[in-house]
Amino acid sequence: MQHAVLTRYRVLAYVTAVLLIILVFVAVPLQAAGHPAMAHIVGFLHGALYCVYLFVAFELTRKLHVPLGRTLLVLLAGTIPFGAIIAERRLTALYAKEQRQAARAASASAAPAGPAPLTAPETALQEG
Numbered sequence: 043m044q045h046a047v048l049t050r051y052r053v054l055a056y057v058t059a060v061l062l063i064i065l066v067f068v069a070v071p072l073q074a075a076g077h078p079a080m081a082h083i084v085g086f087l088h089g090a091l092y093c094v095y096l097f098v099a100f101e102l103t104r105k106l107h108v109p110l111g112r113t114l115l116v117l118l119a120g121t122i123p124f125g126a127i128i129a130e131r132r133l134t135a136l137y138a139k140e141q142r143q144a145a146r147a148a149s150a151s152a153a154p155a156g157p158a159p160l161t162a163p164e165t166a167l168q169e170g
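Quick note, in my numbering, the sequence shown goes up one by one and the last residue is 170.
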């Protein structure tokens, strides 16, 4: 699997999460205080990037063969403050686990079946 899809997902997860945190804890209280401009701007940015997050998160979960129920949780994580950060950490750990398993399988299939054949200097040492 390409490492690029994980990188895209991680960037979008953090950006989406930070924008949502700013929206919920800063912009909405400012809007309630009579200053709606920040809520409009941050809300629009979060919404637009959340759409991209959905696409990239779905792509990553399909490549990692995540079950449908967990995929839906990852997709919804972008709507909960700090949710996308938690989902990102878990998917990154799953990706790392899958990479380790693939590396072990590759090294096991590439390992020689028996002892390596002796080279000419090793043969001379054993004869002498």
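The beta-carbon is built from N, C-alpha and C at its ideal position, and this holds for glycine as well.
Taking the CA atoms as reference points, A148 sits about 22 Å from V108. By a beta-carbon distance limit of 8 Å, T49 does not contact Y95. Their separation comes to about 14 Å. Excluding residues up to 5 positions away in sequence, A129 lie with their Cβ nearer than 8 Å to the Cβ of L115 in the same chain. When secondary structure is reduced to three states using DSSP, V116 falls in the helix class.
Here Q143 carries a helix assignment [DSSP, helix/strand/coil]. Pairing P123 with L54 gives a Cβ-Cβ distance that is not under 7 Å.
Cβ contact annotation for A69 (same chain, cutoff 6 Å, sequence separation greater than five): M80, A81 and V84, in chain order. T103 is classed as buried because its beta carbon has at least 16 other beta carbons within 10 Å across all chains shown. If you compare the alpha carbons of V47, S151, A152 and A150 with that of F97, the shortest gap goes to V47. With respect to the 7 Å criterion, Y51 and A99 are classified as neighbours on the basis of their beta carbons.
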